[in-house]
Structure formats: structure tokens, C-alpha cells
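Residue numbers (my numbering): 212 to 402.
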């Protein structure tokens, strides 16, 4: 069988992968491309290697993209929270009845007689802080930073005594619980 050129092999790899995913056998793929079954086996090894390489790269890239989205969302929450702390200003305009009638007769907007401006301090919106907390929690989860803590006990009897428990009583209680579970059919009894 003639040796394939590099560009032909690359093209064949695409179609080989497609046929493989559709369930074709190596023999059927070999017949289709006019190569040996051993060559198809080598091609499939290369395809799997590339898939693995791509999946590792893609995973890291996907995590980075999700982190960037979370970072952006957190910035938006912070900005909204900062805005929610700003003083609230309200303006009240009052117009006398005389001015209102005069303006109506002259077909114009009435001029206010009195303008009151109120400023009010505001507490920040707690919903924005909850959003910030969600972003932090999601980032920690995505990065795997909240792994469960592992406690290593080298001598359980000493630990039990240190916490005010009698080790023999604890052991006897657990053995009795296990025995009752066996009697109640919770576990199959071996002969």
C-alpha cells in the first residue's frame, strides 16, 4: 500500500474519527481508505491522544472562561452595591394655586414657589452582597478550594477519653448496635 502524504493523513484522521464514532470497525475503515488495519489502529491511537490533549486543554480553558464570567459578575455586583450606598435625593416642587392658574392662562409651565431637596442616607442593598457571596462561593467550588477537612485520629481511645467518653462503653455500645442490626436482618449473616 502506498504511503500517505501528511496532508492526506490529516484529512483521513478526521474521517476515521467520524467513522469510528459511528461504530465502524477498524477493518471497514481500512477498506474505505485503502490502508492496513494496523495503520487504522495507529491512526485511532493518534486520534485518542489528540482527544485527550484537547480535553485537558479545553477543560482548563473552560474553567478560566467561567472564572472570568464570575469575576465580571462580581464586579457588577460591587458596582451596584456601591450605587446602593449613595444618598437618595428627592426634590419636591410646590406651586401656589395662583401661579398654577396664571401659567394655565398663559399656556406655560407653572414656576414653583418652593423647592425642597431631601437627602437620605441609605444602607447598601443586601441583595448585592448575596450576589457577591454567590460569586465567591462559586469560584471556591470551581477551583476546589473547599475540600473537606480530614481529621486524623491516631489513638481513638485517648481521643474518646479526652472528650469525656469511656472507650470501653463506646466500643461495647457499637458492637451491641451491630449485633442488633444483624439480628434485625440489616446485613446478611455469613455461615
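C-beta atoms are modelled at their ideal positions from N, C-alpha and C, and glycine is treated no differently. Predicted model, so just to flag it, every value in this text is computed and none were measured.
query: Can you tell which of 251, 340 and 376 has the C-alpha that lies nearest to the C-alpha of residue 215?
result: 251
message: DSSP three-state label for residue 304, please.
response: Three-state DSSP puts residue 304 in a strand.
- request: Keeping to the same chain, check which residues put their C-beta closer than 6 Å to that of residue 291; ignore five residues upstream and five downstream.
  value: 339
field: For residue 256 and residue 154, the rounded distance between their alpha carbons
entry: Nothing about residue 154 can be read from this structure; the chain reaches only from 212 to 402.
query: Are at least three pairs of beta-carbons, each pair with one atom in the region 317-336 and one in the region 291-306, less than 8 Å apart?
result: yes
Cutoff 7 Å; reference residue 310; Cβ partners in own chain excluding five residues on either side: 321, 322 and 324
Top-ranked residue by Cα proximity to residue 242, from 232, 223, 258 and 259: 223
- prompt: Below 8 Å between beta carbons: does that hold for residue 278 and residue 350?
  reply: Yes, they are a contact pair.
field: Separation of residue 253 from residue 239, as counted between CA atoms
entry: 15 Å
- request: Compare the Cα-Cα distances from residue 282 to each of 385, 344 and 362 and report the closest residue.
  value: 344
message: Quick check on the DSSP output: the alpha helix (DSSP H) that includes residue 317 runs from which residue to which?
response: Counting along the chain, no alpha helix (DSSP H) covers residue 317, and no H or E run does either.
query: With which residues is residue 330 paired in a DSSP beta bridge?
result: 300
message: I'd like to know if residue 289 contacts chain C, where contact means its C-beta is closer than 8 Å to some C-beta of that chain.
response: The structure shown has no chain C; it contains just one protein chain.
- prompt: Beta carbon of residue 242: closer than 7 Å to some heavy atom of the ligand COA?
  reply: Absence of the ligand COA is noted for the structure shown, with no ligands found whatsoever.
task: In the DSSP assignment, find the unbroken alpha helix (DSSP H) run with residue 337 in it and report its ends.
output: Counted as a single uninterrupted DSSP element, the alpha helix (DSSP H) harbouring residue 337 occupies residues 337-354.
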